[in-house]
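Participant: Using the working numbering, the letters of the sequence shown map in sequence onto residues 951 to 1063.
After the structure tokens below, expect a handful of questions from me.
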Amino acid sequence: MATQMYGADVSLRAESRLTERSQTTIPAAIRDALHLKPGEYISYTLLAGGKVIMSRQEEEQDDPVISQFLTFLENDMKKNPQNIVPVPVTFWESIKGLTAGVEVDLDAPLTDD
């Protein structure tokens, strides 16, 4: 039976604990109710008073502006292939110098830093 909580129907409650790394596991009952699978995205909405709504993020739709821009680029590259030139070696060298010693672990969780 659903109960009222701040004007919203509540049909399921669950709790989880925050780890030292500020991570948590979504309880199985919530995962099941939202039909969440590994790798899917979750959307969080912060309400006034500190309440959070967590929902399954629907599949992302293609951004029409980005799609049109990419189509524009593709067409321009086909019409004007003479404008496509390699990036100068000096540019790559300057990038290497600017990023020297910077280590990036793409699998590491994001932090507040």
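Glycine is no exception: its CB is placed at the ideal position from the N, C-alpha and C atoms.
At what residues does the beta strand (DSSP E) containing S993 begin and finish?
Facilitator: Counting from 1 along the sequence shown, the entry for residue 993 is found at position 43. Counting along the chain, the beta strand (DSSP E) containing S993 begins and ends at I992 to L996.
Participant: Using the Cα positions of S1017 and R1006, report the straight-line distance between them to the nearest angstrom.
Facilitator: As a working mapping, residue 1017 is identified with position 67 in the sequence shown. As a working mapping, residue 1006 is identified with position 56 in the sequence shown. Roughly 25 Å separates the two Cα atoms.
Participant: If you measure between the beta carbons of T974 and S961, is that distance less than 8 Å?
Facilitator: As a position in the sequence shown, residue 974 is number 24, starting the count at 1. As a position in the sequence shown, residue 961 is number 11, starting the count at 1. No, the Cβ-Cβ distance between T974 and S961 is not below 8 Å.
Participant: In terms of residue numbering, what span does the beta strand (DSSP E) encompassing S1005 cover?
Facilitator: Working through the sequence shown from its first residue, we reach residue 1005 at position 55. Counting along the chain, the beta strand (DSSP E) containing S1005 begins and ends at V1002 to R1006.
Participant: Can you give the Cα-Cα distance for E970 and D1062, rounded to whole angstroms?
Facilitator: The residue labelled residue 970 in the question sits at position 20 within the sequence shown. The residue labelled residue 1062 in the question sits at position 112 within the sequence shown. So the two alpha carbons sit approximately 14 Å from each other.
Participant: Can you name, in chain order, every residue of its own chain whose Cβ lies under 6 Å from the Cβ of I980, other than the five neighbours on each side?
Facilitator: In the sequence shown, residue 980 corresponds to position 30, counting from 1. The answer, listed in chain order, is A964.
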